[in-house]
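602 is the number that the working numbering gives the last residue of the sequence shown; the numbers go up by one with no jumps.
Glycine included, C-beta positions come from ideal geometry on N, C-alpha and C.
The next block holds one structure in the form of structure tokens; read it before the comments.
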Amino acid sequence: MLWLALGPFPAMENQVLVIRIKIPNSGAVDWTVHSGPQLLFRDVLDVIGQVLPEATTTAFEYEDEDGDRITVRSDEEMKAMLSYYYSTVMEQQVNGQLIEPLQIFPRACKPPGERNIHGLKVNTRAGPSQHSSPAVSDSLPSNSLKKSSAELKKILANGQMNEQDIRYRDTLGHGNGGTVYKAYHVPSGKILAVKVILLDITLELQKQIMSELEILYKCDSSYIIGFYGAFFVENRISICTEFMDGGSLDVYRKMPEHVLGRIAVAVVKGLTYLWSLKILHRDVKPSNMLVNTRGQVKLCDFGVSTQLVNSIAKTYVGTNAYMAPERISGEQYGIHSDVWSLGISFMEVRCLHIDASPLQLLQCIVDEDSPVLPVGEFSEPFVHFITQCMRKQPKERPAPEELMGHPFIVQFNDGNAAVVSMWVCRALEERRSQQGPP
Numbered sequence: 165m166l167w168l169a170l171g172p173f174p175a176m177e178n179q180v181l182v183i184r185i186k187i188p189n190s191g192a193v194d195w196t197v198h199s200g201p202q203l204l205f206r207d208v209l210d211v212i213g214q215v216l217p218e219a220t221t222t223a224f225e226y227e228d229e230d231g232d233r234i235t236v237r238s239d240e241e242m243k244a245m246l247s248y249y250y251s252t253v254m255e256q257q258v259n260g261q262l263i264e265p266l267q268i269f270p271r272a273c274k275p276p277g278e279r280n281i282h283g284l285k286v287n288t289r290a291g292p293s294q295h296s297s298p299a300v301s302d303s304l305p306s307n308s309l310k311k312s313s314a315e316l317k318k319i320l321a322n323g324q325m326n327e328q329d330i331r332y333r334d335t336l337g338h339g340n341g342g343t344v345y346k347a348y349h350v351p352s353g354k355i356l357a358v359k360v361i362l363l364d365i366t367l368e369l370q371k372q373i374m375s376e377l378e379i380l381y382k383c384d385s386s387y388i389i390g391f392y393g394a395f396f397v398e399n400r401i402s403i404c405t406e407f408m409d410g411g412s413l414d415v416y417r418k419m420p421e422h423v424l425g426r427i428a429v430a431v432v433k434g435l436t437y438l439w440s441l442k443i444l445h446r447d448v449k450p451s452n453m454l455v456n457t458r459g460q461v462k463l464c465d466f467g468v469s470t471q472l473v474n475s476i477a478k479t480y481v482g483t484n485a486y487m488a489p490e491r492i493s494g495e496q497y498g499i500h501s502d503v504w505s506l507g508i509s510f511m512e513v514r515c516l517h518i519d520a521s522p523l524q525l526l527q528c529i530v531d532e533d534s535p536v537l538p539v540g541e542f543s544e545p546f547v548h549f550i551t552q553c554m555r556k557q558p559k560e561r562p563a564p565e566e567l568m569g570h571p572f573i574v575q576f577n578d579g580n581a582a583v584v585s586m587w588v589c590r591a592l593e594e595r596r597s598q599q600g601p602p
């Protein structure tokens, strides 16, 4: 099957999958599947048709980690759902937690009466007198790792976030003066990304940074990385955020346009959200664009704390290949500088590697003409988008509303996360196969 070749969880192939079909106002039906990764969208609709014979169902939904409903209408979206579910199962197994069924919600269904079908386990709220093994009641507490954003922020950011509660695991990467770790937060059972930065600053500046980071709790966008808290230990600040299992875009090269287009939509929406809060990102580049195996795309490391940005700049001197000309020249900069960085980032992810010395980079960005992509090798909308973003004069670059209305963005603004999910899953699988067995 195609899924087995592309899916990131081959170890799950022989594992029993339990799908819990939620019946409106009636309870739930558990369906046991012995070949989960091979399951097709039509297979699920057929079973829903047995459970709800009086209704016409053409799609169903599942909930992501934030409690948002994601609609499944095709095999591609089915694969994205299974990819998401198996990633949560792996987390639950690592943390020794109970494996919960995959819950789905049929759309446009009429609630049927109580029934019991061969191979299915029915649970209704009428009473415990079921002869078959009942599904877990909706009213019982859940051990799932999936919590709403508000609940996670309440758990992780109410003063409980501290060094003692974090167990560091793998090193995810280095950059911008810090090291990023995959970590486990003991009280919540949540996998986090923790960025640790060494800063030689005063206690007063530490307090100012913590105060400026408070605005991150108010960020509420599915295109911005979730922030769970920060703390100082001596001269180290640890910033705890949502973990994205696909990593950053800087490790993905020669990305097809139909994939990059969906990613571009999410990045532009994330930047537009930040700009609406009067926040400049200040460090737009592929390593600050994160993806996961569910096809989500989120921005991280944006400059909400001016003091933190300045402290890092003073402590770690270096050249940013993605900076706009006006920033390198020391002039005033704003939203349009983020737009330049957006353009050069997508140019690199699509086709190029930036391979030059710091001095060459400075001279090229400030003194030379902006690079132009040949139309013959790339689509006209993509070439035009990059060209507009990388105008040398800041005011000639697109404003936020113009970015969202650009044909390249409009073309791929279809909400199809499965395209990104499949690309990420395939790339991760290829990377693992190249690395060989541990």
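| Query | Result |
| --- | --- |
| Does the stretch 375 to 395 touch the stretch 433 to 448, meaning 3 or more C-beta pairs lie closer than 8 Å? | yes |
| So, helix, strand or coil for residue 261, using DSSP? | coil |
| Nearest to residue 431 by CA position, among 253, 422, 449 and 380, is which residue? | 449 |
| Could you pull the DSSP bridge partners for residue 338 from this structure? | 343 |
| Quick one: what's got a C-beta closer than 7 Å to residue 551's C-beta in the same chain, skipping five residues either side? | 536 |
| I'd like to confirm the pairing. Which residues does DSSP put opposite residue 457 in its beta bridges? | In the DSSP output, where bridge partners are listed per residue, residue 457 has none listed. |
| Specify, as a first and last residue, the run of the beta strand (DSSP E) that residue 229 falls within. | It is not in any beta strand (DSSP E) - residue 229 carries neither H nor E in the DSSP assignment. |
| What residues in its chain sit with their C-beta under 6 Å from that of residue 284, if we drop five residues either side in the sequence? | With a pLDDT of only 39 at residue 284, under the threshold of 50, the placement of this residue in the model should not be trusted; the figure read from the coordinates follows. These residues qualify, in order along the chain: 193 and 195. |
| Just to confirm my understanding: we take residue 426, look at its own chain, exclude 5 residues before and 5 after, and list those with CB closer than 7 Å. What are they? | 576, 580, 583 and 584 |
| For residue 366 and residue 409, which I take to be in contact (beta-carbon distance under 8 Å), what is that distance rounded to the nearest angstrom? | With a Cβ gap of about 37 Å, residue 366 and residue 409 do not count as contacting. |
| Thinking just about the alpha-carbon of each residue, which of 548, 554, 557 and 587 is nearest to the one in residue 569? | 548 |
| Residue 564 and residue 490 look like a contact to me (Cβ under 8 Å); what is the Cβ gap, rounded to whole Å? | Rounded, the Cβ-Cβ distance is 18 Å, inconsistent with contact. |
| Around the C-beta of residue 262, are 16 or more other C-beta atoms found within 10 angstroms, so that it is buried, or is it exposed? | exposed |
| Which value, in whole angstroms, describes the spacing of the CA atoms of residue 197 and residue 265? | 11 Å |
| Shortest alpha-carbon distance to residue 556 belongs to which of 511, 546 and 501? | 501 |
| So, under 8 Å CB-CB, residue 394 and residue 403 are touching, yes? Tell me the CB distance rounded to an integer number of Å. | 5 Å |
| With a threshold of 16 other CB atoms inside 10 Å of the CB of residue 452, please say whether the residue is buried or exposed. | buried |
| Please state whether DSSP places residue 515 in a helix, a strand or coil. | coil |
| Near residue 336, which residues of its chain fall below 8 Å by C-beta distance, leaving aside the five closest residues on each side in sequence? | 344, 345, 346, 357 and 411 |
| Please give me, in chain order, every unbroken run of the beta strand (DSSP E) with length at least 3 that falls completely inside the stretch 345 to 415. | 354 to 362, 391 to 397 and 400 to 406 |
| For residue 572, tell me which candidate among 595, 545, 199 and 596 has the shortest Cα-Cα distance. | 545 |
| Check this for me: beta carbons of residue 513 and residue 553, under 7 Å apart or not? | no |
| In whole angstroms, give me the CA-to-CA distance for residue 246 and residue 359. | 29 Å |
| Quick one: residues in its chain with C-beta nearer than 6 Å to the C-beta of residue 461, no 5 flanking neighbours on either side, listed in chain order? | 427, 430 and 455 |
| With H, G and I counted as helix, E and B as strand and the rest as coil, what does DSSP make of residue 267? | strand |
| Is the beta carbon of residue 399 closer than 7 Å to that of residue 424? | no |
| In three-state terms, what does DSSP make of residue 237? | coil |
| For a test of your reading of the model: does the CB of residue 425 fall under 6 Å from any non-hydrogen atom of the ligand MN? Yes or no. | Questions concerning the ligand MN fall outside what the structure shown contains, since it holds no ligand whatsoever. |
| Consult DSSP for residue 207 and reduce its assignment to one of helix, strand or coil. | helix |
| Expressed to the nearest angstrom, what Euclidean distance is found between the alpha-carbon atoms of residue 326 and residue 566? | 42 Å |
| Which residues bound the alpha helix (DSSP H) around residue 441? | No alpha helix (DSSP H) holds residue 441; DSSP gives it neither H nor E. |
| I'd like the list of long-range same chain contacts for residue 180, defined as Cβ closer than 8 Å, with 5 residues on each side in sequence excluded. | 196, 197, 198 and 200 |
| Please classify residue 493: is it buried, with 16 or more other beta-carbons within 10 angstroms of its beta-carbon, or exposed? | exposed |
| To which residues of the same chain is residue 497 closer than 6 Å at the C-beta, ignoring the five residues directly before and after it? | 490 and 491 |
| Pick from 253, 441, 258 and 242: whose alpha carbon is nearest that of residue 208? | 242 |
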